[in-house]
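Here's the structure, in structure tokens; my notes come after.
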Amino acid sequence: DDVYSARPLHVATVLDTMSPDELQVQVTHGHFASALPHVVPSVSASELAHYEKLRVQFSSLASTQ
């Protein structure tokens, strides 16, 4: 199989092909620290403003009932 095949790749399939040494993964604070500068928001600023407006609208509605 090549990496371009149309079949989905399942995690279990990959894990079954790995040795016990390869399965011993250590994630450290340093990994997170080096990844942090590359993290981007999953919600845009305009979407965030929209949801904030809804939150204010509906939270004030709930407090008046």
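Numbering (my numbering) for the sequence shown: 39 to 103. C-beta atoms are modelled at their ideal positions from N, C-alpha and C, and glycine is treated no differently.
It is roughly 16 Å from the alpha-carbon of alanine 71 to the alpha-carbon of proline 79. Following the DSSP letters along the chain, one finds threonine 51 inside the alpha helix (DSSP H) bounded by residues 49-54. Here the alpha carbon of aspartate 54 sits roughly 10 Å from the alpha carbon of leucine 61.
Arginine 93 and valine 81 have their C-alpha atoms some 15 Å from each other.
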